[in-house]
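Undergrad: Sharing a structure below in structure tokens format, with a few things to ask.
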């Protein structure tokens, strides 16, 4: 602490000379008086901001300094004067002040255009509509603000893989709070039940997480794709199909045609769940043990009949494709050209996929029409496969006959030679 | 002691056995062939240039997989692997929007093969298109880029 004034003086001299060139030139600012003094602090909480800001920080890289967010006068050698009210010193912004500080620039379209012309400037407006923003407005200071997700010092661009809001890091960032049972205590869902804290554990079992992490598909959804980011909130009951439908458009369209869309309170979630969405399987449809239809339908009712009909036809096409594939592989292995048939089987598989999509209207008729088209293809492939195998058999028989004739000549020749010797 | 006659008999027997093996081994391999991997197709002739009208697309057999050949409104040819990168359905050309479309889950690709919208995780594989032959009678040849 004893070195504070000396360091401050040096920093103020250096900072004072260079500060005027900072934001407008969009160049990294040199260390300010604030940074130099804070960097020497023994308390980690006081030293960390200077250290982090001196590392990689998108604001620092564009010429912004501590003063732009915290106020104060880095040129003043006296600590009290440097942080005097007249300098606009804000200290450590918290709660609504964080939103005000960040949005002073980030909601200013003219200013943002100079640094990131494509970036949106409605984050603060969105935030005010979020559960976080609404809670904050009620005085709840535990909720997330800008810095909770983006960090305060050492802020990185969203596309930076080390940013806490980089697509692969979003779930970790959100669940820093949302998986903390103590922190979440007292928060309720709209239905009055306690806010769960197992979202991440469930999400990590989901097909979405697998697509992102194992399949390297960065377009796969993470928390903010369904909940929003700045306007984060659970999708309302009536909005779930729309939210899922932003990616699964065809399913949403088919589902909207179904009677279920009028009955299911939580639409897609009723069958697929939300955070722990598993790979959908055909076993979900029907009336056997693993099927979901039996959760509501009883044996013999119309829904049960429809489910059974759709499932049995799907299974029929799957078996037909599998049988045809084996036949084609067998003919190909025997040397026959089966390229056309392999292509046709791809089309049959397309029909199977289309039927699984069509099924979301829960009407057996269009599903059956698609599946019948697939079965027509497999029947044709089967007949061509059988013909190819018959051709193989014919060729082998011909080969056997000609070989037999050659063998006969060889034996006769050998006998003839022996008789000549005798 | 080996006589000349014995030696010739043994030589003849060896010749018979070798001949029999050289005939029967290929027969054996024909009847029970080794499980061979699908030969990779590197190039196909899609057809004559006049067969493809502007702003149309055509599916072409490329080995055992489909390729899509698109002739754009300004007459250029573009070709892609027609297997959707989502769930492997076959894509088709949508003339109204000049895009490539997968009917299974509404995946849309632009004419550079990049994903425009929908669930496909990756762009379509781009193939090279060359015109070969006399002007007006060129073959449209699709090959792996």
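Residue numbers (our numbering), protein chains in the order written: chain A, 45 to 466; chain B, 1138 to 1282. Beta carbons are placed, not taken as given, at the ideal position from N, Cα and C, and that holds for glycine.
1. Helix, strand or coil, according to DSSP, for residue 1101/B in the structure here?
2. With residue 312/A and residue 288/A assumed to form a contact (beta carbons below 8 Å), what rounded beta-carbon distance in angstroms separates them?
3. List the endpoints of the continuous alpha helix (DSSP H) containing residue 352/A.
4. Can you list the residues of chain A that residue 1164/B reaches, using a CB-CB cut of under 8 Å?
5. Can you tell me whether DSSP reads residue 1274/B as helix, strand or coil?
6. Name, in chain order, the residues that DSSP records as bridge partners for residue 238/A.
7. Which residues mark the beginning and the end of the alpha helix (DSSP H) in which residue 1251/B is found?
8. For a contact defined as C-beta to C-beta under 8 Å, what are the partners of residue 1255/B on chain A?
9. Compute the Euclidean distance between the alpha carbons of residue 65/A and residue 105/A, then round it to the nearest angstrom.
10. Going by alpha carbons, who is nearest to residue 489/A out of 114/A, 372/A, 275/A, 245/A?
11. Classify residue 1165/B: buried if its beta carbon has 16 or more other beta carbons within 10 angstroms, exposed otherwise.
12. Measure the CB-CB distance between residue 1227/B and residue 148/A and report whether it falls below 8 Å.
13. Return yes when the Cβ of residue 1206/B is within less than 8 Å of the Cβ of residue 1279/B, no when it is not.
14. Would you report the Cα separation of residue 263/A and residue 1277/B, rounded to the nearest angstrom?
15. Where does residue 333/A sit, in a helix, a strand or coil, going by DSSP?
16. Distance cutoff 8 Å, beta carbons only. Does residue 390/A sit that close to anything in chain B?
17. In chain A, which residues lie with their C-beta within 7 Å of the C-beta of residue 1231/B?
18. With distances taken between CB atoms, is the gap from residue 395/A to residue 418/A smaller than 8 Å?
19. Could you tell me whether the stretch 366-380 of chain A touches the stretch 395-413 of chain A, using the rule of 3 or more Cβ pairs below 8 Å?
20. Residue 255/A touches chain B at which residues, Cβ-Cβ below 8 Å?
21. Quickly, what does DSSP pair residue 1182/B with across the bridge? List them, please.
22. At a CB-CB cut-off below 8 Å, which residues of chain B make contact with residue 419/A?
23. Report the residue from 1274/B, 1259/B, 1282/B whose alpha carbon sits nearest the alpha carbon of residue 1186/B.
24. In chain order, what residues of the same chain have a beta carbon less than 6 Å from the beta carbon of residue 1210/B, not counting five sequence neighbours either side?
25. Give the straight-line distance between the Cα atoms of residue 333/A and residue 404/A, rounded to the nearest whole angstrom.
26. Specify the secondary structure class of residue 433/A as computed by DSSP and reduced to three states.
27. Under 9 Å between beta-carbons, which chain A residues line up against residue 1145/B? List them in chain order, please.
28. Quick one: complete alpha helix (DSSP H) runs, 4+ long, within the stretch 125-199 of chain A?
29. Listing by chain order, which chain B residues have their CB less than 7 Å from the CB of residue 355/A?
30. Does DSSP classify residue 1244/B as helix, strand or coil?
31. Please decide whether residue 203/A counts as near chain B, where near means a Cβ-Cβ distance under 8 Å.
32. Looking at the structure shown, is residue 1220/B part of a helix, part of a strand, or coil, going by DSSP?
33. Which of helix, strand or coil does DSSP assign to residue 121/A?
34. Nearest chain A C-beta to residue 1216/B closer than 8 Å, yes or no?
35. So that I know if they touch, is there some Cβ in chain B lying closer than 8 Å to that of residue 383/A?
TA: With the structure as the only source:
1. Because chain B here runs from 1138 to 1282, residue 1101/B falls outside it and cannot be looked at.
2. Position 268 of the first chain, counting from 1, holds the residue named residue 312/A. Position 244 of the first chain, counting from 1, holds the residue named residue 288/A. Confirmed, about 5 Å.
3. Against the first chain, residue 352/A aligns to sequence position 308. Residue 352/A -> alpha helix (DSSP H) spans 346-377.
4. By one-based count along the second chain, residue 1164/B stands at place 27. Those within 8 Å of residue 1164/B in chain A are 443, 447.
5. As a first step, residue 1274/B is located in the second chain; it is residue number 137 there, counting from the start. Correct three-state label for residue 1274/B: coil.
6. Mapped onto the first chain, residue 238/A falls at position 194. According to DSSP, which records beta bridges pairwise, residue 238/A is partnered with 232/A.
7. Taking the second chain and counting its residues from 1, the one referred to as residue 1251/B is at position 114. Counting along the chain, no alpha helix (DSSP H) covers residue 1251/B, and no H or E run does either.
8. As a first step, residue 1255/B must be located in the second chain, where it is residue number 118. Per Cβ cutoff of 8 Å: 291, 293.
9. Here residue 65/A refers to the residue found at position 21 of the first chain. Here residue 105/A refers to the residue found at position 61 of the first chain. With a pLDDT of 35 at residue 65/A, under the threshold of 50, the modelled position of this residue cannot be trusted, and the question is left open.
10. Here chain A comprises residues numbered 45 to 466, so residue 489/A is not present and cannot be evaluated.
11. On the second chain, position 28 is the one that residue 1165/B refers to. That one is exposed.
12. In the second chain, counting from the first residue as 1, residue 1227/B sits at position 90. In the first chain, counting from the first residue as 1, residue 148/A sits at position 104. No; because the gap between Cβ atoms is not below 8 Å, this pair is not in contact.
13. Numbered from 1 along the second chain, position 142 holds the residue referred to as residue 1279/B. Numbered from 1 along the second chain, position 69 holds the residue referred to as residue 1206/B. For residue 1279/B and residue 1206/B, yes; Cβs fall inside 8 Å.
14. The residue you call residue 263/A lines up with position 219 of the first chain. The residue you call residue 1277/B lines up with position 140 of the second chain. Each residue's Cα considered, the two are about 35 Å apart.
15. Position 289 of the first chain, counted from the start, is the residue given in the question as residue 333/A. In this structure, residue 333/A counts as coil in the three-state DSSP scheme.
16. Residue numbering aside, residue 390/A sits at position 346 when the first chain is read from its first letter. Yes, residue 390/A counts as interfacial toward chain B.
17. Numbered from its first residue, the second chain carries residue 1231/B at position 94. Those within 7 Å of residue 1231/B in chain A number zero; the least Cβ separation is about 14 Å.
18. Taking the first residue of the first chain as 1, we reach residue 395/A at position 351. Taking the first residue of the first chain as 1, we reach residue 418/A at position 374. Taking 8 Å as the Cβ cut-off, residue 395/A and residue 418/A qualify as a contacting pair.
19. Touching, no, given that fewer than three Cβ pairs across the two stretches are closer than 8 Å.
20. Counting from 1 along the first chain, the entry for residue 255/A is found at position 211. Here the neighbours are 1258.
21. By one-based count along the second chain, residue 1182/B stands at place 45. Per DSSP, 1278/B.
22. To locate residue 419/A, count along the first chain from 1; it is residue 375. Correct list: empty, because the minimum Cβ distance to chain B is about 18 Å.
23. Sequence index remark: in the second chain, residue 1186/B carries index 49 (1-based). When only C-alpha atoms are compared, the closest one is 1274/B.
24. Within the second chain, residue 1210/B is the residue found at index 73, counting from 1. Same-chain partners within the cutoff: 1191, 1192.
25. Within the first chain, the letter at position 289 stands for residue 333/A. Within the first chain, the letter at position 360 stands for residue 404/A. For residue 333/A and residue 404/A, the distance between alpha carbons rounds to 20 Å.
26. Translated into the one-based positions of the first chain, residue 433/A becomes position 389. DSSP places residue 433/A within a helical segment (H, G or I) once states are collapsed to three.
27. Residue numbering aside, residue 1145/B sits at position 8 when the second chain is read from its first letter. Under the 9 Å cutoff, chain A gives no residues; its nearest Cβ is about 12 Å from residue 1145/B.
28. 140-150, 153-159, 167-173, 175-181, 190-194
29. Here residue 355/A corresponds to residue number 311 of the first chain, with the count starting at 1. Correct list: empty, because the minimum Cβ distance to chain B is about 19 Å.
30. Walking along the second chain from the start, residue 1244/B turns up at place 107. Three-state DSSP puts residue 1244/B in a strand.
31. As a first step, residue 203/A must be located in the first chain, where it is residue number 159. So, not an interface residue.
32. Numbered from its first residue, the second chain carries residue 1220/B at position 83. Strand.
33. Taking the first residue of the first chain as position 1, residue 121/A is located at position 77. Note: residue 121/A maps to coil in three-state DSSP.
34. Locating residue 1216/B in the second chain gives position 79, where the first residue counts as 1. Not an interface residue.
35. As a first step, residue 383/A is located in the first chain; it is residue number 339 there, counting from the start. Yes, residue 383/A lies at the interface with chain B (some Cβ there is under 8 Å from its Cβ).
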